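Comments concern the structure below.
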Amino acid sequence: MKKELVKFKYWKKLKGHYKKMRSVQMRDLFDTDEKRADKFTVQTDFMYCDFSKNRINGKTMKYLLRLAEECKLHEAIEAMFCGQRINTTENRPVLHTALRNRGNSPVYVDGKNVMPQINEVLAKMRDFSEAVRFGKFKGYTGKKLTNIVNIGIGGSDLGPVMATEALRKYWAKDINCYFISNIDGTACAEVLNKINPETTLFIVASKTFTTIETLTNAKTCRKWLVDALGEHAVAKHFVALSTNTEEVKKFGINPDNMFEFWDFVGGRYSMWSAIGLSIAIAVGMDNFEKMLDGAYAMDRHFRETDFEHNIPVILAMLGIWYNNFFNLKSYAVVPYDEYLRYVPAYLQQLDMESNGKYISKDNKQVHYMTGPVLFGGAGTNVQHSFFQLIHQGTTVVPCDFIIPAISHNEIGEHHEILVANVLAQGEALMRGKTTKEVTEELAKLGKSKDEVAILKKFKTFDGNRPSNTIVFKKIDPYSLGALIAMYEHKVFVQGIIWNINSFDQMGVELGKQLAKNILPELQGNAQGVAHDGSTNNLIRYIRRLRK
Ligand code: G6Q
């Protein structure tokens with residue numbers, strides 16, 4: 001059994017170090033060390049990560065990285081890449097990295113190299129996506145399939161939604177993508193109202209092929225198609241992405257129209273697998289593979305770079321620093337790029353579903369905080385909403401800012417203003433604004449002494465609020481792949497430090513079970529399952545309103 005994290009040598013050292021660092025001002029650190037930004041920036045050929053605006057000094061980083069070593073991070077990284085069964089509660093390997101193993105070196109699960117089967121599915125995805133894009137695989141009535149509808153939820157939805165939107169500039173001109181995830185019939189109806197059955201391809205994406213939301217949505221869409229074109233049309237308009245051939249057959253999709261993936265791919269890590277078919281059709285398989293290339297570049301960076309220059313490791317350990325020593329419970333990700341607007345929602349699942357856990361791998365309740373609450377949104381929009389709290393709230397929220405240097409839409413001055421904003425936010429959060437500065441500023445504006453006295457505190461900013469700035473040349477398939485893989489590895493590192501299994505999701509499973517008990521009661525087909533008084537009342541009240 002592993003020693004408890006709080007007893008580790010470098011954990012204790014960090015506790016002591018925190019007492020010295022908590023009052024240190026980043027402003028002063030910058031003023032006294034002109035090389036600070038260089039010291040705390042890592043640059044690769046595809047990414048620039050400036051983490052100098054954090055409440056750290058050299059010693060902080062040394063202790064954090066030593067803690068990572070003490071937690072045997074090197075060994076853990078190798079265990080993941082080599083296919084060991086690190087998802088202990090489900091007894092599975094965790095091999096999303098094999099899906100983008102572009103070097104094609106063998107990866108073994110139970111003595112069998114999984115790369116041939118991965119390459120086979122990639123080839124099948126290429127054939128099919130090109131056949132759809134070039135109009136060779138047509139609909140039942142001979143028309144080109146131009147509406148791509150991905151039906152899936154959670155990990156079978158968020159990756160495709162986020163990546164297709166991020167790569168919207170790369171979409172084939174005549175193709176439109178739609179996503180149906182929510183069980184709310186409105187989600188289905190809104191999409192079906194916009195499309196024509198003759199030109200629609202439904203992609204039913206479900207690892208288990210038992211998820212009630214996805215199967216219900218898929219049944220509704222199947223009926224809609226059959227009503228319009230007849231049963232024979234299904235083979236030309238439905239494909240499945242799944243690990244479960246039997247259930248796919250039962251649903252009425254021919255296994256020839258199924259794209260397989262495997263238990264060693266977790267739902268929220270699956271957009272690199274067949275689950276990415278909608279991405280491949282929208283942007284083309286070459287671009288999909290460039291996304292895999294970007295992720296592979298990040299995988300190699302993560303696996304091969306010493307911790308001092310290892311971006312996911314650094315970001316993860318900074319998260320530990322704030323979470324466990326500063327006791328900060330939340331964290332924001334703000335991409336300054338309209339096309340990346342679904343990245344925060346995607347990361348919310350990646351981070352919170354992976355590390356929102358209180359039982360350690362040793363089957364014990366942990367005595368430290370694990371995954372933070374992650375939120376975010378696209379800059380500059382969120383500057384006009386929750387940034388008030390980020391600047392002056394009583395809690396500190398560390399932020400990641402993501403910015404491409406070049407926009408896909410270089411119109412007018414838009415991109416310069418966007419970049420100016422992200423840089424200004426990072427600077428303002430770090431420096432703050434002293435009461436003296438505010439007083440001078442107000443005086444310059446001609447405010448009276450009384451007005452200054454009233455306003456100066458409201459307009460003062462303590463600053464010393466941390467942020468990381470991650471810069472890309474442009475958001476293209478390669479950089480997107482690298483960015484997402486970076487966050488996957490960051491989350492992985494934190495799971496190792498916290499000694500939790502980042503790869504199961506019992507809380508999600510619970511949700512899948514619970515509604516099944518209540519459904520027959522709502523439908524009036526069952527009575528008397530003892531719920532709490534509140535739930536019983538709500539069931540009765542909603543039934544009454546529906547009569
Ligand atoms: C992801 C989770 C969860 C899952 C969905 C959909 O890691 O396990 O979000 O992806 O519940 O599951 P299916 O793909 O099996 O329908």
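Note that the numbering used here has the sequence shown beginning at 1, numbered continuously upward.
Beta carbons: idealized from backbone N, C-alpha and C, even for Gly.
Remember, it's a predicted structure, so these values are computed and weren't measured experimentally.
Per DSSP, what kind of secondary structure is residue i in: helix, strand or coil?
i      : result
ASN119 : helix
LEU201 : strand
ILE151 : strand
ALA332 : strand
CYS177 : strand
SER534 : helix
GLN349 : helix
VAL373 : strand
ARG100 : coil
GLU190 : helix
ASP293 : helix
ILE195 : coil
TYR10  : helix
ASN113 : strand
LYS138 : strand
TYR342 : coil
LYS144 : strand
ILE253 : coil
ASN355 : helix
TYR322 : helix
ARG22  : coil
Kindly indicate which residue of the options has the alpha-carbon position closest to the one of residue i.
i      : options                        : result
GLY376 : SER534, GLY154, LEU389, ILE496 : LEU389
VAL471 : ARG465, PRO404, ASN517         : PRO404
ARG133 : THR200, SER407, HIS408         : THR200
ALA163 : PHE461, LEU347, VAL396, PRO466 : LEU347
SER129 : ASN91, ASN147, ASN113          : ASN147
ILE475 : ASN499, ILE406, VAL419, LEU418 : ILE406
ALA123 : ALA280, ASN501, ARG303         : ALA280
THR44  : THR434, SER534, MET298         : MET298
TRP549 : PHE51, ASP38, THR60, ILE56     : Since the first residue of the chain shown is 1 and the last is 547, residue 549 is not available in this structure.
ASN217 : LEU328, ASP184, SER385, TRP171 : ASP184
GLY111 : ARG85, GLU90, ILE411           : ARG85
LYS436 : VAL234, ASP462, ASP263         : ASP462
GLN608 : LYS62, GLU34, LEU158, TYR541   : Absent from the model: residue 608. The displayed extent of the chain is 1 to 547, so no value can be given.
ASN57  : ARG546, TYR336, THR41, GLU231  : THR41
VAL234 : THR141, ALA172, PHE264, ARG268 : THR141
LEU29  : ASN54, MET47, GLY16, LYS15     : ASN54
ALA538 : GLU521, ALA526, LEU340         : It is Leu, not Ala, that sits at residue 538 in the sequence shown. It is GLU521.
GLY426 : MET26, LEU14, TYR358, LYS9     : MET26
Which whole-angstrom value is the C-beta distance of residue i and residue j, which I expect to be below 8 angstroms?
i      : j      : result
ASN421 : THR380 : 5 angstroms
TRP498 : VAL397 : Not confirmed; about 20 angstroms, so no contact.
GLY155 : LYS144 : Wrong, their Cβ atoms sit about 30 angstroms apart, outside the cutoff.
ALA98  : VAL493 : That belief does not hold up - the Cβ atoms of ALA98 and VAL493 are roughly 19 angstroms apart, past 8 angstroms.
PRO197 : ALA228 : 4 angstroms
ILE203 : ILE151 : 7 angstroms
THR88  : LYS361 : 6 angstroms
Following the continuous alpha helix (DSSP H) through residue i, name the residue where it begins and the one where it ends.
i      : result
ILE470 : Per DSSP, ILE470 belongs to no alpha helix (DSSP H); it is in the beta strand (DSSP E), 467 to 472.
CYS221 : 212 to 229
PRO477 : 477 to 498
ILE78  : Note on identity: in this sequence residue 78 is Glu, with Ile being the wrong assignment. First-last of the alpha helix (DSSP H) with GLU78: 73 to 81.
GLN430 : As written in the sequence, residue 430 is Met, which differs from the Gln given in the question. Its alpha helix (DSSP H) spans residues 414 to 431.
THR60  : 58 to 70
CYS53  : First, the residue type needs correcting, since residue 53 is Lys and not Cys in the sequence shown. First-last for LYS53: undefined, no H or E at that position.
PHE387 : 387 to 392
THR305 : First-last for THR305: undefined, no H or E at that position.
VAL452 : 449 to 455
ALA166 : 158 to 166
GLN513 : 506 to 522
VAL438 : 435 to 444
Quick check on the DSSP output: the beta strand (DSSP E) that includes residue i runs from which residue to which?
i      : result
THR41  : 41 to 43
ILE403 : 399 to 404
LEU241 : 238 to 242
ASP50  : 48 to 50
PHE30  : Premise fails: PHE30 lies in the alpha helix (DSSP H), 26 to 32, not in any beta strand (DSSP E).
MET258 : 258 to 260
Comparing the C-beta of residue i with each C-beta of chain C, is any distance below 8 angstroms?
i      : result
ALA166 : This model lacks chain C altogether, as it is built from one protein chain only.
(message) Under 8 angstroms, with one C-beta from each stretch per pair, do the segment 457 to 464 and the segment 329 to 340 reach the 3-pair mark?
(response) no
(message) With three or more beta-carbon pairs closer than 8 angstroms as the criterion, would you say the segment 200 to 215 touches the segment 112 to 128?
(response) no
(message) Does the structure place the segment 190 to 198 close enough to the segment 90 to 103 that three or more beta carbon pairs sit under 8 angstroms?
(response) no
(message) Quick test of the definition: if touching needs 3 or more C-beta pairs under 8 angstroms, does the segment 434 to 443 touch the segment 254 to 271?
(response) no
(message) Across the segment 407 to 420 and the segment 479 to 493, are there enough close Cβ pairs to call them in contact, namely three or more that are closer than 8 angstroms?
(response) no
(message) Closer than 8 angstroms is the cut-off here; do at least three beta carbon pairs connect the segment 76 to 92 with the segment 344 to 358?
(response) no
(message) With three or more beta-carbon pairs closer than 8 angstroms as the criterion, would you say the segment 282 to 297 touches the segment 256 to 270?
(response) no
(message) Is it the case that the segment 302 to 314 contacts the segment 236 to 243, given that we only count it when at least three CB pairs across the two stretches are under 8 angstroms?
(response) no
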